[in-house]
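Contents: one structure, followed by commentary.
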Amino acid sequence: QIFDQCVRCVSVNGYARLLVIGFASGTIPKLPVNMALIKGFDLVGVRMGAQFMIQPELGVEAMAAIMRMTDKGKLRPHVSAEFSLENFRDAFRLMERKEVVGKCCITFGGSSRL
20 QIFDQCVRCV SVNGYARLLV IGFASGTIPK LPVNMALIKG FDLVGVRMGA
70 QFMIQPELGV EAMAAIMRMT DKGKLRPHVS AEFSLENFRD AFRLMERKEV
120 VGKCCITFGG SSRL
């Protein structure tokens with residue numbers, strides 16, 4: 020659903036590139052090819068895992084850049100739920116029901132980042 024909404028949001032007046040990184044919903048969307056033609060956008064498959072195997076130094080650089088952005092507060096993943104280790108089953112139930120938006124975290128030692 021999200022992918023379909025993204026495709027429909029692309030303006031015909033501008034240039035866009037849609038990056039396919041993964042399928043978090045579990046379903047693989049189908050794109051009518053005429054949408055790319057009509058709206059004039061590029062569709063690019065991003066295979067970072069495969070690329071990191073070919074260029075391991077790229078993975079190291081990317082992780083370092085992500086950590087720098089996190090340290091500066093520029094990246095703040097949304098944590099929708101947090102569970103203690105003792106309640107890990109509840110975390111898995113929440114994920115199984117697809118009720119997680121963002122991240123579902125299991126904390127250790129009573130510490131919380133929320």
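If you use the working numbering, the sequence shown closes out at 133, no skipped numbers anywhere.
All C-beta atoms, glycine included, are put in the ideal place defined by N, C-alpha and C.
{"query": "Got a sec: does the ligand ADP put a non-hydrogen atom nearer than 7 Å to the Cβ of residue 46?", "result": "Absence of the ligand ADP is noted for the structure shown, with no ligands found whatsoever."}
{"query": "Using 10 angstroms around the beta-carbon of residue 111, count the other beta-carbons present and answer buried if the total reaches 16, otherwise exposed.", "result": "exposed"}
{"query": "With distances taken from CA atoms, which of 115, 74 and 87 is nearest residue 45?", "result": "115"}
{"query": "Within the continuous alpha helix (DSSP H) that includes residue 95, where are the two ends?", "result": "Per DSSP, residue 95 belongs to no alpha helix (DSSP H) and is neither H nor E."}
{"query": "Determine the closest residue to residue 118 out of 98, 126, 128 and 72, with distance taken between C-alpha atoms.", "result": "98"}
{"query": "Quick check on DSSP: helix, strand or coil for residue 50?", "result": "coil"}
{"query": "Looking at C-alpha atoms only, which residue of 78, 124 and 40 is the closest neighbour of residue 65?", "result": "40"}
{"query": "Identify the continuous alpha helix (DSSP H) that holds residue 27 and give its terminal residues.", "result": "21-28"}
{"query": "Between the stretch 20-28 and the stretch 46-65, can you find at least three pairs of beta-carbon atoms closer than 8 Å?", "result": "yes"}
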